[in-house]
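Encoded as structure tokens, the structure appears first; notes follow it.
Protein chains in written order, with the working numbering: chain A, 59 to 401; chain B, 6 to 221.
Here is the structure:
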């Protein structure tokens, strides 16, 4: 049997128009397909009942749907669930579903492993094992048992989204387009460690929120925990953000993991106030949950609260992110790392 | 990204199967360890490469391998002397000081260390270079001549006389002592960087003494 050339799920309307043209099908078939892919719950091409028989046959010869169920789930005592999906290369990725009273957030992965090598990150220990395609990013949402409950999507799972820009932008188009899932871009946040050319493209082409991993306002210190600082400095990242008119709706947040005795002194408060001056933003403080082999430690709760208060006194809007799913390591890549290991 | 400027290729030679050294005239100053963006036309998004030549040389060299399906490297490998490329100004902060240090590199991660070596800052450095095959130990002859017994080449897929057989991680783990006061500069795959950094930290090297560069 001839090997199928690709998957349908994750293709944009424009890509599908080009595909149906190649197959000699009418152009409107592309709109019909997006309707079946992104509006209705079908799992096979055969179920696309308003397509002609010829169209379904031609599509089936070339394509698979590209949907896959999660292969494993871990459930935390606080209701957080971590799903494991298999990627096209046989490796595994994680997706965290974080339910709250009036907000249900899904944290999606964009790569298998990561190249960025941040000192505090467990996903980094897998190294880099491949990019996800747009369909695999979207499948984490579409195949989630709680899909109907999701209110917010954050690209903060495994991988650096802006190191897989094409697939991430494609997935964002499908998530927000009328022909796609039609989710408001205000409910989607993409997080980056600060890849400047991609930040510029993202700010120009998307209306979704942006989160930047900051973790230290001092370049030398940031460099020790985040190698990206060698290539794109925080100063340049902030310049790039400042140079773009953000509008009132769009939110920029800075993620800041607080490490014991490292990045929460009055000096850090003063410098954060200085470098973020003039950017309408929020600082999101994260509790550090130490991962094996990391020399960094978490501060006590009092230190965290004092740091938050000190930042607020400088006029910086600051929140502390609630820790969720600690018993299942919801944020660290541990499940997929274990699954990746040979048995 | 900085503005791209047109440059004319001096040479583009295959130095090992699938690995090329591209040379063009130097039109800017740089610090060894810095990177430049390269594109085949000015509208393209440039890809970043570490400079592999010395900062007093009149040419800039970069080392690259062909990425199957890649957007730049298959085309780049077809270019010849006289063809044009577009190059950004140098930037980046993977910079090594005068102090004694270990340099650990795999694959094309050797490029920033080659630049440091050709710029004359290798006198008190130890270089550990790894690759799967001996042919991928780029600049090996020069390192052997210039660094002597401070140079440790290694291979993981073939046993060759004079080369350590195994990963750079294994080589380092077999060392009885690793001076925690030294700086350790790492450049290579994410996996190597993270594994070696973990080993160094486990062996008592403070994380601030481990300086890692990443490729992406």
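We put the CB at the ideal spot given by N, CA and C, even for glycine.
Computed from a predicted model, the values in this text were never measured in an experiment.
Look up residue i in the DSSP assignment and give the residues it is bridged to.
{"i": "residue 310 of chain A", "result": "A:268, A:339"}
{"i": "residue 109 of chain B", "result": "B:133, B:191"}
{"i": "residue 162 of chain A", "result": "A:157"}
{"i": "residue 43 of chain B", "result": "B:52, B:92"}
{"i": "residue 30 of chain B", "result": "B:64"}
{"i": "residue 183 of chain A", "result": "None; residue 183 of chain A has no bridge partner."}
{"i": "residue 152 of chain A", "result": "A:142"}
{"i": "residue 218 of chain B", "result": "B:192"}
{"i": "residue 12 of chain B", "result": "B:90"}
{"i": "residue 132 of chain A", "result": "A:140"}
If residue i and residue j are in contact, beta carbons under 8 Å, what's the gap, nearest whole angstrom?
{"i": "residue 269 of chain A", "j": "residue 247 of chain A", "result": "5 Å"}
{"i": "residue 343 of chain A", "j": "residue 374 of chain A", "result": "About 11 Å separates the two Cβ atoms, so there is no contact after all."}
{"i": "residue 232 of chain A", "j": "residue 70 of chain A", "result": "6 Å"}
{"i": "residue 26 of chain B", "j": "residue 68 of chain B", "result": "6 Å"}
{"i": "residue 114 of chain A", "j": "residue 104 of chain A", "result": "6 Å"}
Does the beta-carbon distance from residue i to residue j come in below 7 Å?
{"i": "residue 149 of chain A", "j": "residue 170 of chain A", "result": "yes"}
{"i": "residue 255 of chain A", "j": "residue 150 of chain B", "result": "no"}
{"i": "residue 173 of chain B", "j": "residue 206 of chain B", "result": "no"}
{"i": "residue 42 of chain B", "j": "residue 89 of chain B", "result": "no"}
{"i": "residue 273 of chain A", "j": "residue 207 of chain A", "result": "no"}
{"i": "residue 153 of chain A", "j": "residue 166 of chain A", "result": "yes"}
{"i": "residue 124 of chain A", "j": "residue 188 of chain A", "result": "no"}
{"i": "residue 327 of chain A", "j": "residue 368 of chain A", "result": "yes"}
{"i": "residue 189 of chain B", "j": "residue 107 of chain B", "result": "yes"}
{"i": "residue 91 of chain B", "j": "residue 175 of chain B", "result": "no"}
{"i": "residue 14 of chain B", "j": "residue 29 of chain B", "result": "yes"}
{"i": "residue 195 of chain B", "j": "residue 175 of chain A", "result": "yes"}
{"i": "residue 85 of chain A", "j": "residue 75 of chain A", "result": "yes"}
{"i": "residue 119 of chain B", "j": "residue 99 of chain B", "result": "no"}
Beta-carbon of residue i versus every beta-carbon of chain A: anything under 7 Å?
{"i": "residue 213 of chain B", "result": "yes"}
{"i": "residue 24 of chain B", "result": "no"}
{"i": "residue 98 of chain B", "result": "yes"}
{"i": "residue 72 of chain B", "result": "no"}
{"i": "residue 221 of chain B", "result": "yes"}
{"i": "residue 21 of chain B", "result": "no"}
{"i": "residue 203 of chain B", "result": "yes"}
{"i": "residue 180 of chain B", "result": "no"}
{"i": "residue 199 of chain B", "result": "yes"}
{"i": "residue 206 of chain B", "result": "yes"}
{"i": "residue 82 of chain B", "result": "no"}
Under 7 Å between C-beta atoms, does residue i make it to chain B?
{"i": "residue 65 of chain A", "result": "no"}
{"i": "residue 174 of chain A", "result": "yes"}
{"i": "residue 289 of chain A", "result": "yes"}
{"i": "residue 221 of chain A", "result": "yes"}
{"i": "residue 185 of chain A", "result": "yes"}
{"i": "residue 298 of chain A", "result": "no"}
{"i": "residue 145 of chain A", "result": "no"}
{"i": "residue 192 of chain A", "result": "no"}
{"i": "residue 356 of chain A", "result": "no"}
{"i": "residue 137 of chain A", "result": "no"}
{"i": "residue 373 of chain A", "result": "no"}
{"i": "residue 240 of chain A", "result": "no"}
{"i": "residue 128 of chain A", "result": "no"}
{"i": "residue 348 of chain A", "result": "no"}
{"i": "residue 148 of chain A", "result": "no"}
Quick one: complete alpha helix (DSSP H) runs, 4+ long, within the segment 123-168 of chain B? 145-152
At 4 residues or longer, what runs of the alpha helix (DSSP H) sit wholly inside the segment 187-241 of chain A? 192-200, 223-234
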